[in-house]
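Counting in numbering that gives the first Met the number 0, the first sequence runs from 0 upward without gaps.
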Amino acid sequence: MFKIESRDKESRARTGILKTAHGDIPTPIFMPVGTGGTVKGILQRDLSEDINAKIILGNTYHLYLRPGTEVLKAAGGLHKFMSWDRPILTDSGGYQVFSLTGNRKLSDEGAVFKSHIDGSKHVFTPENTIDIQRIIGADIMMVFDECAPWPCDYQYAKKSVALTHHWLDRAVVRFRETDPLWGKEQFLFPIVQGGVFDDLRKISAEKIASAGMAGNAIGGLSVGEPAEEMYRIIEIVNEILPPDKPRYLMGVGTPVNLLEAIERGIDMFDCVMPTRNGRNGMLFTSEGTINIRNRKWMDDFSPIDPEGPSTVSLCYSKAYLRHLVISGENLGAQIASIHNLGFYLRLVEEARKKIEEGNFKVWKSAMVKKLSERL
RNA sequence: GUGGAUGUAGUUCAGCUGGUUAGAACGUCGGAUUGUGGUUCCGAAGGUCGUGGGUUCGAGCCCCAUCUUCCACC
């Protein structure tokens with residue numbers, strides 16, 4: 000399951016190995032988002048061979064709507080379907096039900112929502128989202144939760160947490176009474192909610208910890224609240240979540256967010272930023288963050304990143320990438336995504352190394368300063 | 001050669017019977033984007049209304065000339 004390998008003496012940061020049926024994941028780790036059975040624009044081969052992604056995300060909501068559970072079942076699960084034999088984590092679709100579908104109805108039972116593709120009506124429950132994730136065959140499944148918006152008043156957040164906890168109980172029952180379809184062990188991670196309210200977060204963290212799952216997640220952050228609020232909540236929650244299990248901060252974040260969270264004891268991350276923003280020209284480089292669309296890169300023939308976290312970072316120039324992105328060429332999105340993911344993966348790998356070496360804090364402060372520079 | 005049409009932002013066009021500072025879309029240039037709807041949102045710059053005259057208190061709009069482009073007919 001999870002084995003802590005080293006701990007930082009000056010902070011909560013730690014390194015570890017998360018063992019799954021599809022391979023070991025060194026932590027801290029960043030997980031590229033591959034919503035619909037693809038990390039947009041990138042070949043599985045490039046993910047594993049070029050930037051060495053250890054685990055990727057899938058999304059229950061999207062995969063359930065397309066291609067649908069029948070196809071996934073016939074394919075033998077998502078790993079086989081997409082020819083990816085490393086670990087996969089699936090989000091339950093909780094986030095999509097609340098962010099994507101305009102009209103949905105919540106009840107104790109679950110969520111009734113309309114497909115964003117054809118308007119058809121569907122129901123997600125704590126039980127059927129487990130069933131779907133069994134079919135997908137995710138190494139790590141997430142419980143169905145409500146990701147409350149921000150800002151959000153106390154009463155709403157309180158009700159939302161209660162609902163999420165109620166759903167957790169039912170999800171755990173279904174998890175225990177079912178087996179993996181494809182013979183490979185699957186974990187279930189519950190999710191701490193509670194907005195930016197300290198007491199709700201404490202109650203939620205205790206509830207989530209008591210479920211006794213293989214790992215735990217923190218959701219409902221980075222939804223618009225100031226970064227300082229997020230860091231404060233992470234500290235409060237991580238005080239309670241068991242230290243011997245991996246902690247996954249959902250949907251976060253910027254490179255600086257990652258370092259601040261690692262320092263506070265987070266082990267796993269996912270975020271669309273390196274890919275989605277990359278497609279739109281935002282590049283994270285060792286020289287600073289740049290908007291490759293800006294005119295000043297028009298005739299800059301230096302490599303995308305001279306410290307090259309991926310092969311594409313070194314062999315293509317800023318001027319060329321600018322041309323591709325501005326022209327809307329697929330290759331621009333591809334190169335930007337590979338580079339940015341490479342940057343994120345190298346960042347967490349370096350953090351891991353620094354924690355092991357015992358000089359994480361010094362390195363982190365220097366990196367935060369450097370990463371905050373906007374070229 | 002004759003007749004008709006056309007000319008307004010980089011592009012495609014709107015602009016009522018003449019009335020404040022000529023608009024839109026796209027493009028360009030900036031900014032944003034945090035459990036991906038192959039996105040979305042915000043801001044800015046950019047026009048001597050083909051040219052030259054005229055009528056009028058006032059012209060993108062009306063009149064004359066001229067040029068451009070397109071079409072039709074001899």
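Here a beta-carbon is modelled for each residue, glycine too, at the ideal position from N, C-alpha and C.
Host alpha helix (DSSP H) of Ala61 (start-end): It should be pointed out that residue 61 corresponds to His in this sequence rather than to Ala. Element bounds for His61: 59-64.
Check whether the stretch 76-90 and the stretch 302-319 touch, using three or more Cβ-Cβ pairs below 8 Å as the test. no
Quick one: what's Ser316 bridged to in DSSP? Pro302
In whole angstroms, what separates the C-alpha of Thr34 from that of Gly57? 5 Å
Nearest neighbour of Arg292, chosen from Met229, Leu42, Leu320, Lys360 [CA to CA]: Leu320
Which runs of the beta strand (DSSP E) fall wholly inside the stretch 185-266 and span at least 3 residues, in chain order? 186-188, 215-217, 246-248
Are the stretch 197-207 and the stretch 170-185 touching, with three or more C-beta to C-beta distances below 8 Å? no
Have a look at Gly287 and Met229 and give me their C-alpha separation to the nearest angstrom. 23 Å
Here's the rule I'm using: 16 or more other beta-carbon atoms within 10 Å means buried, otherwise exposed. How should Glu262 be labelled? buried
Should Arg373 be labelled buried (16 or more other beta-carbon atoms within 10 Å of its own) or exposed? exposed
Using 8 Å as the threshold, is the stretch 160-169 in touch with the stretch 264-277, meaning 3 or more CB pairs across them? no
Looking only at its own chain, which residues have a Cβ that is under 7 Å from the Cβ of Glu184, when we skip the five neighbours before and after it? Ala20
Mapping the DSSP letters down to three states, classify Ala52 as helix, strand or coil. coil
Using only CA atoms, which one of Trp296, Gly250, Leu346 lies nearest to Ser309? Leu346
Under the assumption that Ser336 contacts Ile24 (Cβ atoms under 8 Å), give the Cβ distance between them as a whole number of angstroms. Ser336 to Ile24, Cβ: 21 Å. No contact.
Identify, in the order they occur along the chain, each residue of the same chain with its Cβ nearer than 8 Å to the Cβ of Asn329, setting aside the five sequence neighbours on each side. Gly40
Hey, could you find the ends of the alpha helix (DSSP H) Asp130 is sitting in? 125-135
Taking the alpha carbon of Ser98 as the reference point, which residue from Asn215, Pro302, Ala110 has its own alpha carbon closest? Ala110
Pick from Pro189, Met297, Asp304, Pro242 that is closest to Leu282, judged by C-alpha positions: Asp304
Is the CB-CB distance between Glu355 and Ser5 below 7 Å? yes
Exposure label - Phe112; buried when at least 16 CB within 10 Å: buried
Sequence-distant residues of the same chain with beta carbon closer than 6 Å to Arg248, five excluded per side: According to the sequence displayed, residue 248 carries Leu and not Arg. Hits under 6 Å: Ile217, Ala260, Ile265, Phe268.
Can you give me the Cβ contacts of Tyr60 inside the same chain, cut-off strictly under 6 Å, excluding the 5 residues immediately before and after it? Gly92, Gln95
Which residues in the same chain as Val222 place their Cβ atom closer than 6 Å to its Cβ, once the five residues preceding and following it in sequence are excluded? Trp149
Any idea what DSSP makes of Met281, helix, strand or coil? strand
On the DSSP letters alone, give me the boundaries of the beta strand (DSSP E) that Glu9 sits inside. No beta strand (DSSP E) contains Glu9, which DSSP labels as neither H nor E.
Which of helix, strand or coil DSSP assigns to Glu286: coil
For the alpha helix (DSSP H) that contains Phe342, what are its first and last residues? 329-356
Pull up the DSSP beta-bridge partners for Gly22, would you. Thr19
Is the stretch 185-201 close to the stretch 137-144, with three or more CB pairs under 8 Å? yes
Would a C-beta distance cut-off of 7 Å place Val324 and Gly280 closer than the cut-off? yes
C-alpha gap between Ala226 and Thr284, whole angstroms: 22 Å
Ends of the alpha helix (DSSP H) at Leu46? Counting along the chain, Leu46 falls outside any alpha helix (DSSP H), and DSSP gives it neither H nor E.
Going by C-alpha to C-alpha distance, which of Lys363, Glu69, Glu9, Leu105 sits closest to Ala161? Leu105
Rounded separation between Ile54 and Ile87 - CA only: 6 Å
Reduced DSSP category for Thr89 - H, G, I as helix; E, B as strand; rest coil: strand
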